[in-house]
Amino acid sequence: MKKEHNHMKNKKFGMCIDLDKCTGCGSCMVACMSENNVPFREDETDKRKSITWITVYKITNNRPFPDTEVCYMPRPCMHCEGHDGHSPCVSVCPATATDYDMATGIVSQIYTRCFGCRYCMGACPYHARYFNWWDPVWPAEMEKYLSPDVSPRMRGVVEKCNFCYSRYQRALDKAYCEGRSDIEEDEYQTACTQGCPAGAITFGDLNNKSHAVYKLKKSPNAFRLLERLGTNPKVYYLSSKEWVRKAGDNYIKGENPKNIKKSHH
Amino acid sequence: MDSALIPKGVKRCPLPIFILGIVIIGIVLLWGVYAMILCWLKGLNQTNMNDYYGFALWIWADLAIIALGGGAFFTGLLRYIFGLDELKNIINYAVLIGFICYSSALLILAIDVGQPLRSWFIFWHANVHSMLTEVAFCLSCYFSVLAIEYIPLVLENRQIDKIPFFHHLGHNMHKVMAVFAATGAFLSCFHQGSLGGVAGVLYGRPFAYREGLLVWPWTFFLFTWSAAACGPCFTILITKITEFITGKKLVKDNVIDLLAKISGWMLGSYIIAKIIDTIYWATVTAPSLGFNLMDFYKDNSFYGIWILIVEIAVCGILPAVILLVPKFRQNKLLLYTAIILASIGVCLNRWVMVLQVMAAPVMSFDTWALYIPSWQEIATTILPVAYGIILIMISFRYLPIFPQEKELNSIE
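Taken in sequence, the protein lines are chains A and B. Counting in my numbering, the first sequence tops out at residue 289, every number present. Counting in my numbering, the second sequence tops out at residue 1752, every number present.
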């Protein structure tokens, strides 16, 4: 009974991204960078050194014209729960610089503790973790626009999406000042969710029946990336197209995705 | 000029030639030091690593030299614990090579982390679930053991040995060396294993992931096994190179033959285990995650199935057979072939378990990522080699590393 109570109390923040609505405009990436003081460089041609907490992938059905179809897939950190919070990255960090918060389900990154071994990056199959190869430098006039709630990261440490955790803290502070113990769904929304002009991203508590994500994740069109690996991610995707849902995982020839048992969430 | 420092009864090259050699290798060393300073001052943007290649050339170098340095713990185990007395004639060199390999690994790690001044966090904020934590603890402890094993050898220098305190210290340390050899073997089993575990536990990376026993994936055991098999081969290889350069026979053939035979048994059994592991991974583990074996060896310009064949057949089965058959391993050319192949094989295995893991795509719409190291990465990887050569040169000149040298090279 006690266990059930705790389960009800704990939040599990997650996301549902409707790929049928996503136009691939990249507003989510811009909103994220702006909100989280993500550094950028004058020359960003090498995308594998660019820091983009949320990245929009372009995927296709690999069929020739005129049957070619394209889908844009925004990919934030999946905040994997793994098995009992042993997400791929959290379990490998030697200095406990990344943590799975059982109270929120958010995988955090402690920048001042990370010493830059990058094992977590190797462990993450989604490439959701980024290393600060350079010191962050913003154009002088841009420094005024930096978010005061988010600490910039120094060279030599790993960073990643934290579901705009500073916004969660701000919402909790506000609720506390107003004498409330909890926050409403709309009081804590990520920057990418609010920045999406198509309304493709929905964010909320996956454990809370009144939140939109709770219903969306149960859609027959819902799937998660690389579920077969057992990473147990908290980002769900919605697509009416079967090939898109199939692209979410790997299958050997002749395998029917419907017959594959995936990790329970 | 320095004859008072050279062990009695052995001949060394003239000092100017020795200094010339040190200077030449020293230039290479300084090149590496310059690159190292660049990395420390300017950061890891000096490398060609990127967010796909968080682990790259340096981590491979670390894993490879630790495996090659495995000759120290395994030869120590055979000599002190299993009592194979003949190996006392090569154990000093095995310890020296191990010391060089492990100190080099620690140096590379110090360059490889983004915030080197925070390296102590790995001990202070240790995450007991991380294989890297186990690596850090065991590697540091074992390096201390190797230093303790190397000290008595330094104390045997003619001039140091004249001081009664150091003479007695060296003598007493020799007497308790079995304790350190046992400690070293224990620690080595864990850190060699945990280095294997570093890749094996990555359940988000189907190319690396392995099931296992309790918290240890099969790669844990395979890494220890392969280091015990190939480490002694590397010790023999460096001994033979030293003999070639100095123009002297330093270790009797029966000692080399014994170590080669044991390596053969270890390599033979290891390669059987490796084949079983590969078959299970290819037919059970990977398919359960949605991958066929060939998915890991196609659609890219470098990582073909050849790499698996070379690792297992050419650098595994072939040297194992050579080392196991007395007639083959007593043929010098075949022996050299076997020890070179075994050393390459273990390095290739570490390469695959680091770089191919990073290169292979996991998401169905992702692509292979290939990488070429920058000159700074190459220079800092060569740096430990230069440092190792210099330490061997100095140790060989001034310390009685090879007990059989006098007997095999009598001075008239």
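The beta carbon of each residue, even a glycine, is placed where N, CA and C say it ideally should be.
Bridge partners of residue i, per DSSP?
| i | result |
| --- | --- |
| ASP42(A) | LEU262(A) |
| TYR154(A) | GLU183(A) |
| VAL80(A) | PRO98(A) |
| ALA246(A) | LEU262(A) |
| PRO1743(B) | In the DSSP output, where bridge partners are listed per residue, PRO1743(B) has none listed. |
| TRP1556(B) | LEU1553(B) |
| TYR110(A) | Strictly speaking, residue 110(A) in this sequence is His, with Tyr absent from that position. In DSSP, HIS110(A) forms a bridge with HIS107(A). |
| GLY228(A) | GLY38(A) |
| SER132(A) | ASP123(A) |
Going by beta-carbon coordinates alone, are residue i and residue j separated by less than 9 Å?
| i | j | result |
| --- | --- | --- |
| LEU1723(B) | VAL1692(B) | no |
| VAL1541(B) | VAL182(A) | no |
| LEU250(A) | PRO149(A) | yes |
| PRO112(A) | THR214(A) | no |
| ILE1679(B) | ILE1611(B) | no |
| VAL268(A) | LEU43(A) | yes |
| ILE225(A) | CYS49(A) | no |
| ASN245(A) | SER263(A) | yes |
| GLN1716(B) | GLN1386(B) | yes |
| GLN1744(B) | PHE1547(B) | no |
| ARG179(A) | PRO163(A) | no |
| PHE1520(B) | VAL1485(B) | yes |
| GLY1544(B) | ARG142(A) | no |
| LEU1590(B) | LEU1418(B) | no |
| PRO1740(B) | PRO1347(B) | yes |
| ASP206(A) | ALA199(A) | yes |
| THR101(A) | ARG153(A) | Correcting the residue identity first, residue 101(A) is Cys in this sequence and not Thr. Yes; because the gap between Cβ atoms is below 9 Å, this pair is in contact. |
| HIS103(A) | PHE155(A) | no |
| ALA265(A) | PRO281(A) | Per the sequence shown, the amino acid found at residue 265(A) is Lys instead of Ala. Against a cut-off of 9 Å, the Cβ pair of PRO281(A) and LYS265(A) comes out as no contact. |
| THR1720(B) | ILE1451(B) | yes |
| PHE1414(B) | GLY1571(B) | yes |
| TYR260(A) | ARG252(A) | no |
| GLY1416(B) | ALA1525(B) | yes |
| ILE78(A) | CYS52(A) | yes |
| ASP1402(B) | LEU1436(B) | no |
| SER58(A) | TYR169(A) | yes |
| ILE1377(B) | LEU1479(B) | no |
| GLU1747(B) | LEU1688(B) | no |
| SER1641(B) | LEU1562(B) | no |
Closer than 6 Å by C-beta to residue i: which residues in its own chain qualify, once you throw out the five before and the five after it? Chain order, please.
| i | result |
| --- | --- |
| ASP1756(B) | Here chain B has residues from 1341 to 1752 only, and residue 1756(B) is not among them. |
| TRP1558(B) | ARG1550, GLY1552 and ASP1617 |
| ASP123(A) | SER132 |
| GLU66(A) | none |
| MET1703(B) | none |
| LYS1281(B) | Chain B is shown only over 1341 to 1752; residue 1281(B) falls outside these bounds and no answer can be derived. |
| VAL294(A) | This structure gives no information on residue 294(A), because the portion of chain A shown stretches from 25 to 289. |
| PHE1574(B) | LEU1408, GLY1411 and SER1683 |
| LYS73(A) | TRP157 |
| LEU196(A) | none |
What does a CB cutoff of less than 8 Å around residue i pick up in its chain, not counting 5 residues either side in sequence?
| i | result |
| --- | --- |
| ILE1359(B) | none |
| THR16(A) | For chain A, the structure presents residues 25 to 289; residue 16(A) sits outside this window and is missing. |
| ILE1585(B) | none |
| HIS31(A) | Its pLDDT being 44, under 50, HIS31(A) is placed unreliably in this model, and the value from its coordinates should be taken loosely. If we look at HIS31(A) and ignore the five residues flanking it on each side, its Cβ neighbours are ASN231. |
| PRO118(A) | CYS141 and TYR143 |
| ARG1669(B) | ASP1597, ALA1600, LYS1601, GLY1604, ILE1662, LEU1663, LEU1675 and ALA1678 |
Once the 5 residues before and after residue i are set aside, which same chain residues still bring their CB inside 7 Å of it?
| i | result |
| --- | --- |
| ASN186(A) | ILE130, SER132 and GLN133 |
| HIS29(A) | Because the pLDDT at HIS29(A) is just 45, under 50, the model does not fix this residue reliably, and the value given afterwards should be weighed accordingly. Nothing listed; no residue qualifies. |
| LYS26(A) | Here LYS26(A) scores only 42 on pLDDT, less than 50, and its place in the model should not be relied on; the value that follows carries that caveat. So no residue of the chain qualifies. |
| LYS82(A) | GLY48, VAL94 and TYR96 |
| HIS289(A) | Unreliable positioning characterises HIS289(A) in this predicted model, as indicated by a pLDDT of 42, which lies under 50. The coordinate reading is nonetheless provided below. Around HIS289(A): ASN256. |
Original post:
For the segment 1620 to 1641 of chain B, which residues have a CB atom closer than 8 Å to at least one CB atom of chain A, in sequence order?
Top reply: PRO1627, SER1628, LEU1629, GLY1630, PHE1631, ASN1632 and ASP1635
Original post:
Do the segment 1422 to 1432 of chain B and the segment 1717 to 1731 of chain B touch if we need at least three Cβ pairs shorter than 8 Å?
Top reply: no
**OP:** Give a yes or no on contact between the segment 1433 to 1446 of chain B and the segment 1410 to 1420 of chain B, applying the rule of three or more CB pairs nearer than 8 Å.
**Re:** yes
Original post:
For the segment 141 to 157 of chain A, which residues have a beta carbon sitting closer than 9 Å to at least one beta carbon of chain B?
Top reply: CYS141, ARG142, TYR143, CYS144, MET145, GLY146, ALA147, CYS148, PRO149, TYR150, HIS151, ARG153, TYR154, PHE155, ASN156 and TRP157
Original post:
Does the pairing of the segment 1524 to 1536 of chain B with the segment 1458 to 1475 of chain B give three or more beta-carbon distances under 8 Å?
Top reply: yes
**OP:** Would you check if the segment 1359 to 1377 of chain B and the segment 273 to 280 of chain A touch, i.e. whether three or more CB-CB distances between them fall below 8 Å?
**Re:** no
Subject >> Where the segment 248 to 276 of chain A meets chain B: residues whose CB sits under 7 Å from a CB there >> reply: LEU249, LEU250, ARG252, LEU253, GLY254, THR255, ALA271, ASP273, ASN274, TYR275 and ILE276
Original post:
Three or more beta-carbon pairs under 8 Å between the segment 1663 to 1681 of chain B and the segment 1596 to 1614 of chain B, yes or no?
Top reply: yes
**OP:** Check each residue of the segment 1472 to 1503 of chain B: if its Cβ is closer than 7 Å to any Cβ of chain A, include it; give the result in chain order.
**Re:** LEU1472, THR1473 and ALA1476
Subject >> Contact list for the segment 1693 to 1705 of chain B against chain A, Cβ threshold 8 Å >> reply: VAL1697, MET1698, VAL1702, MET1703, SER1704 and PHE1705
**OP:** Residues of the segment 1386 to 1401 of chain B with a CB closer than 7 Å to any CB of chain A: list them in chain order, please.
**Re:** ASN1390, ASP1391, TYR1392, GLY1394 and PHE1395
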